[in-house]
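Note that this note's numbering has the sequence shown beginning at 1, numbered continuously upward.
In what follows, a single structure is set out as structure tokens and then discussed.
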Amino acid sequence: RWTDDVPDGRYLLRVRSADAAGFEGPDATAAVELAARPEPPLVTAPRAGERLTEAEVAFEWTRNPAAARYRLQVADSPDFAAPRIDRADLDATHVALALPPGRHHWRLASLGADGHAGPWGDVQWFERVVPPPAPPALSPEPPRHTDDGVELRWAALPVPGLHYHVQVARDAGFAELVVDADTDTHHWLLQQPASGVYYVRVRSMQADGFAGPYGAAQQFEVTSDMRGWLILLPILLWLL
């Protein structure tokens, strides 16, 4: 085992065998090239297996003092037979690149000042996904009071397999949550709420739990005598 800090370069390896009596056979020689430097940087983003919704993906890594530049490859397959991106001109430790939806594999190598490339780092992968859309809007009708409480409704999306996550809060920042729940329907019954101002927002979720953005919040008021309901801020739930 070779444990010394051996510099990169070309070496001649010579090996011979010996039997139990100590008789040695002829030498076998082989040329060996060591190219372990500069070491690849450590990657910090995106995380392995991460699902990203942004059209531009932010790649980040640590700085290797021995590297003058970095080479980044992004490919659809882990063998990098046909890289989608192959950049060897990166002198910073970050770059943002536009990528289509799908699974992407990426790897990094350090380049010395003389252009010599060190080994590739470990292959990482991530997935660029298109999130489910937000529900178009809450119902234009005021919340409907029933014997059991207040019914909130929103438009159902014509996408198979979607369900919804609804939040109702007593504050605009949604820190004081009254409801934080999933539903397979496009309505929610707020059971016997106390009087006061409430805020509601909804987002859609795929069957695997991947959630889209919340739509813009709407505000409504419950009167003390339970006779009136007022939508104060009717805002379409466009994507944030």
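The beta-carbon is built from N, C-alpha and C at its ideal position, and this holds for glycine as well.
The structure presented is a predicted model; accordingly, all values stated were derived computationally and were not measured.
With 16 other Cβ atoms within 10 Å as the buried cut-off, status of residue i
i, result
"residue 67", "buried"
"residue 190", "buried"
"residue 130", "exposed"
"residue 20", "exposed"
"residue 158", "exposed"
"residue 281", "Missing from the structure shown is residue 281; the chain here goes from 1 to 240 and no further."
"residue 15", "exposed"
"residue 132", "buried"
"residue 215", "buried"
"residue 212", "buried"
"residue 94", "exposed"
"residue 240", "In this predicted model, residue 240 has a pLDDT of only 34, less than 50, meaning its place in the structure is not dependable; the value taken from the coordinates is given anyway. That one is exposed."
"residue 12", "exposed"
Terminal residues of the beta strand (DSSP E) in which residue i lies
i, result
"residue 110", "102–111"
"residue 90", "85–90"
"residue 243", "Residue 243 lies beyond the stretch modelled for the chain, which goes from 1 to 240, so this question has no answer here."
"residue 44", "43–45"
"residue 151", "149–153"
"residue 216", "No beta strand (DSSP E) holds residue 216; DSSP gives it neither H nor E."
"residue 126", "124–128"
"residue 75", "69–75"
One or two residues paired with residue i in a DSSP bridge
i, result
"residue 29", "14"
"residue 58", "96"
"residue 157", "The partner list for residue 157 (beta bridge, DSSP) is empty, contrary to what the question assumes."
"residue 24", "18"
"residue 63", "Residue 63 is not bridged to any residue."
"residue 211", "205"
Rounded distance between the beta-carbons of residue j and residue i, thought under 8 Å
i, j, result
"residue 109", "residue 115", "With a Cβ gap of about 12 Å, residue 109 and residue 115 do not count as contacting."
"residue 73", "residue 107", "6 Å"
"residue 82", "residue 88", "The pair is not a contact, with the Cβ atoms about 17 Å apart (cut-off 8 Å)."
"residue 210", "residue 51", "7 Å"
* Pick out the complete beta strand (DSSP E) segments inside the segment 162–204, 3 residues or longer, and give them in chain order. => 163–169, 177–183 and 187–191
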